[in-house]
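Novice: Pasting in a structure now, in structure tokens, and then I'll have a few things to ask.
There are 2 protein chains.
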Amino acid sequence: MSETTIHDIAKKLNISASTVSRALNDNPIISKSTSKRIKKTALEMGYRPNSLAANFRTKRTNTIGIIVPLINRHFFSSVISGIEDLAYTQGFAVTISQSNDSFEKENKIAHTLFANRVDGLILSIGMETIKYDHLKLFAERKIPIVFFDRIAETIEAHKIVVDDFGGSLRATEHLIEQGAKRIAHIGGPLNLKIYQNRLAGYFKALERAGLEICDSLVIHNSLTRKDGTIAAQKLFQNENKPDAIFCANDTTALSTIIYLKNIGLKVPDDVLIVGFSNEPFSEVVTPSISTIKHPGFSMGRKAAELIIHQINEKVTRAVFETITMPTELIIRDSSKRIKIEK
Amino acid sequence: MSETTIHDIAKKLNISASTVSRALNDNPIISKSTSKRIKKTALEMGYRPNSLAANFRTKRTNTIGIIVPLINRHFFSSVISGIEDLAYTQGFAVTISQSNDSFEKENKIAHTLFANRVDGLILSIGMETIKYDHLKLFAERKIPIVFFDRIAETIEAHKIVVDDFGGSLRATEHLIEQGAKRIAHIGGPLNLKIYQNRLAGYFKALERAGLEICDSLVIHNSLTRKDGTIAAQKLFQNENKPDAIFCANDTTALSTIIYLKNIGLKVPDDVLIVGFSNEPFSEVVTPSISTIKHPGFSMGRKAAELIIHQINEKVTRAVFETITMPTELIIRDSSKRIKIEK
DNA sequence: AACACAAATGCAATCGATTGCAAAGTAAAA
DNA sequence: TTTTACTTTGCAATCGATTGCATTTGTGTT
């Protein structure tokens, strides 16, 4: 009727539950012969370990909690995939929740994960998040946290970010190499560090090349399809039109390209475009979009590696590091001046 | 030092732990005044509920296990997102693993999820899976299972599938309406039901229209980018070339389009194309790809709804149903005969 | 004041596995 | 045969919350 427990096995073999427990956990202190007998009986009796009981007793769940703004987004699902991939090999399960960029939900999720005693937390914070009490909860109880992409700067923890600055620098320099003189930038909300960095890389490249920084060429918005269209509209209503645009994501790069096509301008002939993140569509649209590659999957693996190390080593006094994942410029059609190519 | 428990609260207030437990769970049997005192003290003492203990005692984890072949894939991450979305509102957490289409991994994951006593399991089985012992485990212990997309036909459980047949029928009919006479089909591995159904819908449409079914126009492969190119190559080496292709996914639709472009044929002018699944890129490539929409997110929500209902109602003897999610033809440029349009 | 009955609280067992320490068993050395 | 030193095994407490049942407290009625 009810589930077989180690006590049932013990009773059947006339031994103690402790021995059964040890045998099933391959504790070498148990003689091989009894161990074998126990395992055989366990199998016969259809024994299924109850991790709940074990976790409760040992205060360890072998579970990593993950919070992302939205699961169904290429970058995040790549990271999650990477985390799960490594975690699995190390015997950890992952519990995933999405905050939908709502602080309230993020907060509740954090408490639930804590109540479930996850061994560690990997997260990318939501756009609304400016208070971190829900995360301090973990820090206080020495439960390791690893941030990725959207990090909380004031919390002491390992952080994994993308080299936004370097990527943007490279992207902008590439545009300059292709002959662009008036490069615009469509950027994201500046309360997020990543967009600050992308802006900074853009500025740096201009500065290095001795190009003037022009306020009217820089627009910030939420980087949706629509935002991109509106931004492009604004840029090309100027009398002094740009000859290239560095977009802070591929989505706006795409809608910009579509807009330009509609007003009769050609990419890359008339305007050069570079995006950011290497979305799956970027390779296959026409023209294909030059972009900066985000190593989502390996970020996930790295995050898992860091957190598991902390969990296993119980490194509490560790020096926390901020790991910057390399970015890579992928040159595609949207930024290739044909003349220069040949 | 150590965590505050309900006993600590009880001791401090000189009452019993049972009362504390009941108060914190809003049991109405506890008077409002004590309840208020208890909650206040709990807050002051920084009490954090230990779900491990509660779950252990109640044998209920409020957790749903999910197994998908690959998290980082648009369709699956949409479904996961939908599951999480609804589950969250019902107080359930989700634990997600990817099988990578490996039977061994799927098997191990199932056992781990069982050991962790998830309340229910939602999964899409891997390509290698032909034995279901690891799932019978759940069935035997009355733990509800819901399959989606790739279902195990011999296990009794709710199943949620996409209307592959109807979608394919509609897609093919659409091509016929647009004037196609020789319609090819690039399909997936026939050991998966979904591809059988897509093939069947294609046949049905031809039959209804009185068009001849021609073996040389039907190709089956694994539906990768490369497979699509190879298939297209084969189709257009025939003397009797197709004037339209219905592809079983958008990926092959895309690579077919690219191949045709390379050999100087125009889509849709020379060849009409329809894909399946509505990948994010399909809308934005040139020409945009007509396709059949997969309602991933709502499938996820539906799956969550079904499983939570079973969990809460303890419906063991329920009649299991197979729910077919509606598909929708999205007509884009790749299948629009301009002349017919105007 | 006595009683009945309802409301509020407490007692104590329980869930299943783990683990420090004690005890028993075994083999080798003296 | 006794002693010593391992090897194996068992005892019993423990983790924190829940819950059926018993008990106490409180309220109202006659």
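The listed protein sequences derive, respectively, from chains A and B.
For the first sequence, position 275 (counting from the first letter as 1) is numbered 285 according to this note's numbering, and the numbering increases by one without interruption.
For the second sequence, position 305 (counting from the first letter as 1) is numbered 315 according to this note's numbering, and the numbering increases by one without interruption.
Where a beta carbon is used, it is the ideal one built from N, C-alpha and C, also for glycine.
Values in this document were obtained by computation on a predicted structure and should not be read as measured data.
Quick one: is A/Thr122 near chain B, going by C-beta distance under 8 Å?
Specialist: yes
Novice: What residues match up with A/Glu338 in a beta bridge as DSSP calls it?
Specialist: BP columns for A/Glu338 point to A/Lys303.
Novice: Spatial neighbours of B/Lys21 within its chain, please: C-beta separation below 8 Å, excluding the five flanking residues on both sides.
Specialist: Shown here for B/Lys21: not one same chain residue has a beta carbon closer than 8 Å to its own, the five before and five after excluded.
Novice: With H, G and I counted as helix, E and B as strand and the rest as coil, what does DSSP make of A/Leu185?
Specialist: helix
Novice: Identify whether A/Ala254 lies in helix, strand or coil by the three-state DSSP scheme.
Specialist: Residue state for A/Ala254 is assigned as strand, using DSSP reduced to three classes.
Novice: Helix, strand or coil: which one does DSSP assign to B/Ile350?
Specialist: Here the model assigns B/Ile350 a pLDDT of 43, short of 50, so the residue's position is not dependable, and the following value carries that caveat. Correct three-state label for B/Ile350: helix.
Novice: Evaluate contact between the region 169-178 of chain B and the region 334-344 of chain B, counting only Cβ atoms and requiring at least three cross-stretch pairs below 8 Å.
Specialist: yes
Novice: Under 8 Å, with one C-beta from each stretch per pair, do the region 268-279 of chain A and the region 60-73 of chain A reach the 3-pair mark?
Specialist: no
Novice: Kindly indicate if chain A contains any beta-carbon less than 8 Å away from that of B/Glu94.
Specialist: Output row for B/Glu94: interface = yes.
Novice: Let's test the definition: count the other Cβ atoms within 10 Å of the Cβ of B/Val104 and tell me whether it reaches 16, buried, or not, exposed.
Specialist: buried
Novice: In terms of DSSP beta bridges, what is B/Val284 paired with?
Specialist: Under DSSP, B/Val284 forms a beta bridge with B/Phe256, B/Ser300.
Novice: Let me see if you follow: with CB-CB separation under 8 Å, is A/Asn65 close to chain B or not?
Specialist: Closer than 8 Å to some Cβ of chain B, the Cβ of A/Asn65 qualifies, so yes.
Novice: Determine the extent of the alpha helix (DSSP H) in which A/Gln243 is found, giving its start and end residues.
Specialist: 235-245
Novice: Where does A/Gly310 sit, in a helix, a strand or coil, going by DSSP?
Specialist: helix
Novice: If you measure from the beta carbon of B/Ala125 to each beta carbon in chain A, is any gap under 8 Å?
Specialist: yes
Novice: Report the three-state DSSP secondary structure of B/Gly177 (helix, strand or coil).
Specialist: helix
Novice: Show which residues of chain A have a CB atom less than 9 Å away from the CB atom of B/Pro290.
Specialist: By Cβ distance, chain A contributes His84, Glu289, Pro290, Phe291.
Novice: Near B/Ile350, which residues of its chain fall below 8 Å by C-beta distance, leaving aside the five closest residues on each side in sequence?
Specialist: Reliability fails at B/Ile350, whose pLDDT of 43 lies under 50, so the model's placement of it is uncertain and no value is given.
Novice: Should A/Arg58 be flagged as near chain B, meaning a C-beta pair shorter than 8 Å?
Specialist: yes
Novice: Which ranges does the beta strand (DSSP E) cover as unbroken runs of at least 3 residues, wholly within the region 47-116 of chain B, from first to last along the chain?
Specialist: 73-78, 103-108
Novice: Mark A/Lys352 as exposed unless 16 or more other C-beta atoms lie within 10 angstroms of its C-beta, in which case mark it buried.
Specialist: Bear in mind that a pLDDT of 35 at A/Lys352, under 50, signals an unreliable position, so the number given afterwards is only what the model happens to contain. Burial call: exposed.
Novice: Can you list, in chain order, the stretches of the alpha helix (DSSP H) that have 4 or more residues and sit fully within the region 122-162 of chain A?
Specialist: 143-150
Novice: For a contact meaning CB atoms closer than 7 Å, what does A/Ser28 contact in chain B?
Specialist: Going along chain B, no residue has its Cβ under 7 Å from A/Ser28, so there is no contact; the nearest lies around 19 Å.
Novice: Is the beta carbon of A/Ser300 less than 8 Å from the beta carbon of A/Ser344?
Specialist: Cβ distance < 8 Å, so A/Ser300 and A/Ser344 count as in contact.
Novice: In three-state terms, what does DSSP make of A/Gly197?
Specialist: strand
Novice: Counting only beta-carbon separations shorter than 8 Å, does B/Tyr98 have a partner in chain A?
Specialist: yes
Novice: Using only alpha-carbon positions, find the residue among A/Arg32, A/Glu54, A/Leu123, A/Ile255 that is nearest to A/Ile76.
Specialist: When each option's Cα is compared against that of A/Ile76, the closest is A/Leu123.
Novice: Report back the beta-carbon spacing between A/Leu339 and A/His184 to the nearest angstrom; my notes put them in contact at under 8 Å.
Specialist: Rounded, the Cβ-Cβ distance is 6 Å, consistent with contact.
Novice: Looking only at C-alpha atoms, which of A/His195, A/Ser109, A/Leu147, A/Asp225 sits nearest to A/Asp237?
Specialist: For A/Asp237, the nearest C-alpha among the options comes from A/His195.
Novice: So, does the CB of B/Thr15 fall closer than 8 Å to a CB anywhere in chain A?
Specialist: no
Novice: Note the first and the last residue of the continuous alpha helix (DSSP H) segment covering A/Ile229.
Specialist: Premise fails: A/Ile229 lies in the beta strand (DSSP E), 228-230, not in any alpha helix (DSSP H).
Novice: Can you have a look at B/Lys69 and say buried or exposed, based on whether 16 or more other CB atoms are within 10 angstroms of its CB?
Specialist: exposed
Novice: Examine chain A for any beta-carbon lying closer than 8 Å to the beta-carbon of B/Val78, and answer yes or no.
Specialist: no
Novice: Would you verify that the beta carbon of B/Ser308 is, or is not, closer than 8 Å to some beta carbon of chain A?
Specialist: no
Novice: Residues in its own chain within less than 6 Å of A/Ile6 by CB, not counting five upstream and five downstream?
Specialist: An answer regarding residue 6 of chain A cannot be provided, because it is not within the stretch 11 to 352 covered by chain A.
Novice: So A/Phe256 packs on A/Ala210, CB below 8 Å; how close in whole Å?
Specialist: Not a contact, Cβ separation roughly 12 Å.
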